[in-house]
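Colleague: Residue numbers (the UniProt record's numbering): 1 to 1036.
Positions of the beta carbon are idealized from the N, C-alpha and C atoms, including for glycine.
Note that this is a predicted model, so its numbers are computed, not measured.
Mind having a look at this structure? Questions to follow.
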């Protein structure tokens, strides 16, 4: 036969079943001859042998037998068979370069294997979960967490899913991920992966789920990700992604979920995203977005959740077009610096949840009735006026109505609960605190499941007469982040179950033991405020989605988290094995565990309007670890158990002897302080979301071996260095000195606390280092230094009044966040000009807060958070501390008042025996206010604004705590003062260099009374702000 004919024969013998089906279909279209049927039988007969014995020998044997058949030909000449093959080649338009010999086959498969090896090489696996990723093994059958599928068309296996979730992995994402072009799920959630997102992921055209939540990824979003035609879920939350949202994301035709909350994504939301046809969930809360709210988002035909809390859409209004979002279930724009009126959303038929709190919305609350399904309305922390509309009285499923911290007047409508029928377990939380409400429609007698709060309203002036005393107590009306624990008590008297087994709690007819399978979930955007009324709904949703019986699910615990988000831990129990009840329970089989796990891991639960999208946090293997973590079961080793035990024991003994010898030598030759940094490791390792674990060597390189040229400060904790990390990020590195080191657990606890504190007026923690005798905290770098530096003579610059007020307001907002939003609340205890840092735009960021300033929550005997650890700086320290030995929120108010006086006067708190408070009070009492105003403020400036700022500063710095304002009052008053600064006085950050001998400030004796002990000022009747409120603060 000719060479072309032999190659055709080799090609036919090397075809897989999928190839035959495809090519036979083609042949059927062009006509099938008896000769072709005979040829097909030869190929199909040996197909099984080809697959079992390998391509080499089987293909040769197939060729030999087929060629013999051709030669015999059953009377047909060889020329005839050659003509048949040539005709087939013409009909199928086959050429020599279309042959699939074993070299091409191996090349195709090897590309994916090489990519997996590169991915493995870029990761660090401290727990050994990937120990069986060995080169000589088939990844599809032997590598853990690699899931493959059989391509019927080609006949080969391809990687379909990488499920590397929650494995304590670190390292980076390899660009070779882009070579896995058949993969539809990429899951690296809840690890410590750092670096940037490779743009090569944009080459995975089959990708459906991109799951990278809960890592330390940084850098911008690659534009190439906008060209993934099959992407459905875009989940990148809880990282440090920065930069804008690429406009190319408007090219994602199938994306339904944008989950990118808790990053540092900045810039304008592209209006182009409005063309996304399938987008349902748009979650970008807790980022640095700015600009305006695009009205075009209302054009998204399937949008159900729009959650953009804690961004900075400064001056923007809520577009009226949002009332046209007919499928919207949840609108959450909390703390976004929005202005204008509350939009009329009564036209949204199925709205469940509305949160527009902590903005600057004005005007009346719309009177049109909202959806009957609505559970939550939060409009607190705005400047709304008018009366409480009657439409709130006809909302049958309402769970929470928060209107506190506004300017509402009139009466309290008791019809809000009187016309309501409560389902079992339902509650109504009604927060009307700190308004101007002066009356109540009738004597309130709400049922026990109605929680009403009226504190801070004029109506509480005669609470006894109106029989409302119990509603006029000061209380925190914020979000509840508690939880419930569904303990199993009914079987407590029974003998304990065997290991990995538990009593099944849902069965009431007896106590039986079974091995549960645990799943940790978090509802990332629920449309409810109270879970108990929806307990049964949740159970039915889960069991129906997973196809299990009701009794097989137990909700072990439920806890609200900041967001608000709802964390749940579920236990699934195996079904009854028979109906008799004897020996009724055991364990799930492996395939059932895989089925249940896959339901959650590939987000295959049916959608829920009430509960919204969910996070998969973890699987608790219990008795099923061999299914979920096969690499830990010794599958890669053929050694006997006795051999392994002997090796392990021998290694331990040898290591112990060697360790003792090394320690002895080190103690003899080197003191503790000279321990080698590259040999020391953390003794209490922990992965902390959003914070990078940095090595000593990396920080040593970043600071040029901690050179004195990079030193930028020193404090009680140690020296501070300016450094540049490997990714180019400029940071400030606080290196603890000997004597400042904490215990391992305490150090990680402090880092975990700092990682949860996020606000645009607080310095962000970037990372940490804990190796041997080194403890370092790595913060974002502030290019304009501290406020102390800026006010000192060495700068020689003149800050305008507007800039000084801007700095004061930023610092106050940051401290207010610590007092009311941090979990748990924090009292700073050392507020001073040196601890207020300034970024490139002169935005104030408070620094130097941590675990030593934790405050216990208030109890019945205390009215505020109390910290008893001594810390403070002379001149800033609360005078009452010397009598009470306690520091409270009001202590921080005093310290901040001193900073305000510094901003106004340019004086130090204590200088040459003079105290700034006494000096300012003396000048005010003598009518010489202008003599103490910092001449570097420049002119002109508003004397009225200066007077108001000075009055506030003195009220903050009075001796007695009870006479000081609360931090929320300070923030509100500063906002009012700042808003009245004439534009002509605030055009520049640095004031003009003008003589300030005449300031426009009246030098005649002031009519206001300024003294060390008393300050006269006007307050709004009925308003008495206290700690623990949900403040009106700007986002981070």
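#1: Residue 172 to residue 140, Cα distance in whole Å?
#2: Should residue 335 go down as buried or exposed, given a rule of 16 or more other Cβ atoms within 10 Å for buried?
#3: Do residue 213 and residue 242 have their CB atoms nearer than 8 Å?
#4: Indicate the three-state DSSP secondary structure (helix, strand or coil) for residue 417 in the structure shown.
#5: From 272, 238 and 902, pick the residue whose C-alpha is nearest to that of residue 260; which is it?
#6: May I ask which residues mark the beginning and end of the beta strand (DSSP E) holding residue 734?
#7: Using 8 Å as the threshold, is the C-beta distance between residue 556 and residue 566 below it?
#8: For residue 172, name the three-state secondary structure that DSSP assigns.
#9: Quick check on DSSP: helix, strand or coil for residue 803?
#10: Could you tell me which of 151, 114, 127 and 122 sits nearest to residue 136, measuring between CA atoms?
#11: With contact counted as at least three CB pairs below 8 Å, one residue from each stretch, are the stretch 968-980 and the stretch 914-934 in contact?
#12: Kindly indicate which residue of 714, 251, 542 and 414 has the alpha-carbon position closest to the one of residue 737.
#13: Hey, residue 421 and residue 396 are a contact pair by Cβ (cut 8 Å); roughly how many whole angstroms apart?
#14: Let me know the secondary structure DSSP gives residue 499 once reduced to three states.
#15: How many Å lie between residue 188 and residue 723 at the Cα?
#16: Going by DSSP in three states, residue 907 sits in which element: helix, strand or coil?
#17: Express the C-alpha separation of residue 899 and residue 916 in angstroms, rounding to a whole number.
#18: Helix, strand or coil for residue 597 per DSSP?
#19: Is the Cβ-Cβ distance between residue 816 and residue 958 less than 8 Å?
#20: Buried or exposed: residue 673, going by 16 or more other Cβ atoms within 10 Å of its Cβ?
#21: Mind the definition here: the stretch 800-817 touches the stretch 755-763 only if three or more C-beta pairs lie below 8 Å; say whether that holds.
#22: Assign residue 597 to buried or exposed, taking buried as 16 or more other Cβ atoms, counted over all protein chains shown, within 10 Å of its Cβ.
#23: Could you check whether residue 431 and residue 408 sit closer than 8 Å to each other, using their CB atoms as the reference points?
#24: Compare the Cα-Cα distances from residue 163 to each of 359, 747, 918 and 602 and report the closest residue.
#25: Which value, in whole angstroms, describes the spacing of the CA atoms of residue 165 and residue 895?
#26: At which residues does the alpha helix (DSSP H) containing residue 953 begin and terminate?
#27: Quick one: does the C-beta of residue 953 sit closer than 7 Å to a heavy atom of the ligand FMN?
#28: State the DSSP-derived secondary structure class of residue 967, mapped to helix, strand or coil.
#29: Measure the alpha-carbon distance for residue 450 versus residue 254 and round it to whole angstroms.
#30: In this structure, does DSSP put residue 124 in helix, strand or coil?
#31: Figure out for me which residue from 279, 320 and 419 has the closest Cα to the Cα of residue 295.
#32: Please work out which residues of its chain come closer than 7 Å, Cβ to Cβ, to residue 251, disregarding the five sequence neighbours upstream and downstream, and give them in chain order.
#33: Cα-Cα, which of 873, 907 and 338 is closest to residue 792?
#34: How many angstroms separate the CA atom of residue 844 from the CA atom of residue 833?
#35: Which residues in the same chain as residue 358 place their Cβ atom closer than 6 Å to its Cβ, once the five residues preceding and following it in sequence are excluded?
#36: Identify every run of the alpha helix (DSSP H) within the stretch 256-341, keeping only runs that are complete inside it and at least 4 residues long; order them along the chain.
Modeller: The short version:
#1: Between the C-alpha atoms of residue 172 and residue 140 there is a straight-line separation of about 23 Å.
#2: Burial of residue 335 is indicated by the presence of at least 16 other C-beta atoms within 10 angstroms of its C-beta.
#3: Contact flag unset, no.
#4: The three-state reading of DSSP puts residue 417 in helix, counting H, G and I together.
#5: Residue 260 has its Cα closest to that of 238, out of 272, 238 and 902.
#6: It spans 730-736 - the beta strand (DSSP E) in which residue 734 sits, taken as one unbroken run.
#7: No, the Cβ-Cβ distance between residue 556 and residue 566 is not below 8 Å.
#8: Three-state result, residue 172: strand.
#9: Here residue 803 carries a helix assignment [DSSP, helix/strand/coil].
#10: Closest option to residue 136, Cα to Cα, is 114.
#11: Inter-segment contact for the stretch 968-980 and the stretch 914-934 is absent: fewer than three beta-carbon pairs are separated by less than 8 Å.
#12: Closest option to residue 737, Cα to Cα, is 714.
#13: Indeed, because the Cβ distance is near 7 Å, the residues count as touching under 8 Å.
#14: Under the three-state reduction of DSSP, residue 499 is assigned to coil, being neither helix nor strand.
#15: Those two C-alpha atoms are separated by around 30 Å.
#16: Three-state result, residue 907: coil.
#17: Counting only the Cα atoms, residue 899 lies some 10 Å from residue 916.
#18: Of the three classes helix, strand and coil, the one that applies to residue 597 here is helix, per DSSP.
#19: Against a cut-off of 8 Å, the Cβ pair of residue 958 and residue 816 comes out as no contact.
#20: Note on residue 673: pLDDT 36, under 50, position unreliable in the model; the coordinate value appears next. When all chains shown are included, residue 673 counts as exposed.
#21: The stretch 800-817 is in contact with the stretch 755-763.
#22: Within 10 angstroms of the beta-carbon of residue 597 lie 16 or more other beta-carbons, which makes it buried.
#23: Remark: C-beta atoms of residue 408 and residue 431 do not approach each other more closely than 8 Å.
#24: Among 359, 747, 918 and 602, the Cα nearest to that of residue 163 belongs to 602.
#25: C-alpha separation (whole angstroms): 46 Å.
#26: Note, residue 953: alpha helix (DSSP H), 943-956.
#27: This structure lacks the ligand FMN; in fact it carries no ligand of any kind.
#28: Helix at residue 967.
#29: Straight-line Cα distance between these residues: approximately 44 Å.
#30: Three-state DSSP puts residue 124 in a strand.
#31: Its Cα nearest to that of residue 295, the residue 320 stands out among 279, 320 and 419.
#32: Contacts found: 226 and 227.
#33: Ranking the options by Cα distance to residue 792, first place goes to 907.
#34: Each residue's Cα considered, the two are about 10 Å apart.
#35: When the five nearest sequence neighbours on each side are left out, the beta carbons in the same chain lying within less than 6 Å of the beta carbon of residue 358 are those of 334, 335, 381 and 1032, in order along the chain.
#36: Listed in chain order, the alpha helix (DSSP H) elements of length 4 or more contained wholly in the stretch 256-341 amount to none.
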